[in-house]
Structures are given as C-alpha cells and as structure tokens.
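Working notes, beginning with the structure itself.
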C-alpha cells in the first residue's frame, strides 16, 4: 500500500514541523542497528525486486545493506529502487549507492516519503539511548550479576545470577523479563505495553555490542510481541 508523501505532509502540520526541524540533513541522521534476527516490529523489511535484503542499520537519510549475493554490484552513484515494508504500510523509494565495502552497500534515500520518515524517526530515541549504554567489567568478581550494562542517565540492564532473566531500569522503573512470562514492572507486576516493548527491543538491539545474553533477551521480547500480536489478530 503506497501513500503520497507530498499530500501527507501538506495535510499534517506536525509532519511539516518535523521535516523542517530535521532539515533532512543526512549527516546528522542517527544510524539505528537492526536486531540480529532481522526486520521486526518498528523495523521495516527492505526489498529489492520483491526480494528481501539484509539490513545492517537504517536512518532517516538512508540504509546500510548486506549485499551477500552481489545483486547491487559496486557502482557508486547508481540509482536503484527499493521498497520499505511495515505490517500496515509500504512505499517504494529511489536510493543512490554512495558507498561500497566488501558486501556492505550504503544507500542514500533520494525520494522523501513523510510516512516512512516518521516511522524511521520513531527508532531514533530508543536506538540512540541503547547505543549510549556501556558494559561494566567485573574483573574482581564483585558484581552481584552475570552481566551489567549502564545507561547515560541512570538506566541499567542487569542479568542477575538468580530470579528474573533480565532487569531493565529506565525512567525510574524496574522491568523484569522472564522466559515464558509476560514482561512486567517489578513494583506491582503491571504488564508492559506493546508500544513500550517495541521501544525496549530497539534499545537492546542498539547496545554497542551483542552479548549472548543480550541476544537471548531480544529473542524473549520478540517471542512475547509475536504472541501478543497473534492474540490480537485472533
């Protein structure tokens, strides 16, 4: 389902305001990494000639794709058409190859689509937050956790030795993750909304490096979101 980007922007002042504020300056666009299992949730599938391609990261200005079958070649400046596809929206966008290194191809968006821009922009805040976490090294074995990550403004991600599989503290709230159990607040067992789970998935996907436990946590969140979507669809 394609939508006209110009009419969408004209009919929605908030889109115009967002576009103006960002000025479409591609050098300032934050690159958001995809989960290791690929496109899911807020992350769009990227297709070329109806075939899905592997994406390394995405920003409002372009994408990094893995050209493992050499379908793009290495012609810098070549213009190609790709499709961005979410569950409820898709659009075709012209892109230009602006970089090539081994199997990595940097594609810059030529066309501007307001809906796609807004959807990609939703990845920016949680993705940037995740990229600012750093892992605390436990050289002397004093940490009361298997693994600990600390965020820039008081956030923490803990993989404890006992109890929950993981604990994320964000905005002053502790969130518990357990396999096969709905994710909930530690304080009152209140379930976490689907929207918040999607944001958390983006945060974890953008940690500076993937540990085995971080990958496992991403898969726990993915499984829970798939189950929630299945129940909603049913």
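In this note's numbering, the protein residues as written are 14 to 247. The beta-carbon is built from N, C-alpha and C at its ideal position, and this holds for glycine as well.
Proximity winner among 171, 115, 111, 103, relative to residue 83 (alpha-carbon distances) | Here residue 83 refers to the residue found at position 70 when the chain shown is read from its first residue. For residue 83, the nearest C-alpha among the options comes from 115.
Tell me where the alpha helix (DSSP H) around residue 75 begins and ends.
-> Translated into the one-based positions of the chain shown, residue 75 becomes position 62. Note, residue 75: premise wrong, no alpha helix (DSSP H); beta strand (DSSP E) at 75-79.
The stretch 42-62 contacting the stretch 96-110, beta-carbon criterion three pairs below 8 angstroms | yes
Cβ neighbours of residue 207 in the same chain (closer than 6 angstroms, five flanking residues each side left out) | Locating residue 207 in the chain shown gives position 194, counting from the first residue. Cβ within range, chain order: 241.
Environment of residue 89 [buried if 16+ CB atoms lie within 10 Å] | Locating residue 89 in the chain shown gives position 76, counting from the first residue. By the neighbour-count rule (16 or more Cβ atoms within 10 Å), residue 89 is not buried but exposed.
Start and end residues, alpha helix (DSSP H) containing residue 216 = As a position in the chain shown, residue 216 is number 203, starting the count at 1. 207-218 is the extent of the alpha helix (DSSP H) around residue 216.
Between 223, 67, 176, which lies nearest to residue 162 when the distance is taken from Cα to Cα?
-> Numbered from 1 along the chain shown, position 149 holds the residue referred to as residue 162. Cα-wise, what sits closest to residue 162 is 223.
Do residue 237 and residue 198 have their C-beta atoms within less than 8 angstroms of each other?
-> Position 224 of the chain shown holds residue 237. Position 185 of the chain shown holds residue 198. Result no, Cβ atoms of residue 237 and residue 198 do not sit closer than 8 angstroms.
Is the Cβ-Cβ distance between residue 172 and residue 183 less than 8 angstroms?
-> Within the chain shown, residue 172 is the residue found at index 159, counting from 1. Within the chain shown, residue 183 is the residue found at index 170, counting from 1. Their beta carbons are not under 8 angstroms apart, which means residue 172 does not touch residue 183 by this criterion.
Which stretch, first to last residue, makes up the beta strand (DSSP E) that contains residue 143?
-> Position 130 of the chain shown, counted from the start, is the residue given in the question as residue 143. Unbroken run through residue 143 is the alpha helix (DSSP H), 137-144; no beta strand (DSSP E).
Beta bridge counterpart(s) of residue 112 as assigned by DSSP = Here residue 112 refers to the residue found at position 99 when the chain shown is read from its first residue. Answer by DSSP bridge pairing, in chain order: 119.
For residue 244, does the three-state DSSP call read helix, strand or coil?
-> Position 231 of the chain shown, counted from the first residue, corresponds to residue 244. In this structure, residue 244 counts as helix in the three-state DSSP scheme.
List the whole-angstrom C-beta distance separating residue 220 from residue 48, where the pair is believed to meet the contact cut-off of C-beta under 8 angstroms.
-> As a position in the chain shown, residue 220 is number 207, starting the count at 1. As a position in the chain shown, residue 48 is number 35, starting the count at 1. Actually they do not touch by this definition, with Cβ atoms about 11 angstroms apart.
State buried or exposed for residue 139, treating a residue as buried only when at least 16 other CB atoms are found within 10 Å of its CB.
-> Position 126 of the chain shown, counting from 1, holds the residue named residue 139. Residue 139 should be labelled buried.
DSSP state of residue 186, grouped into three classes?
-> Here residue 186 refers to the residue found at position 173 when the chain shown is read from its first residue. Reduced to three states, the DSSP call for residue 186 is strand.
Whole-number beta carbon distance between residue 112 and residue 218, since they are thought to touch under 8 angstroms = Looking up residue 218 in the chain shown gives position 205. Looking up residue 112 in the chain shown gives position 99. In fact, because the Cβ distance is near 22 angstroms, the residues do not count as touching under 8 angstroms.
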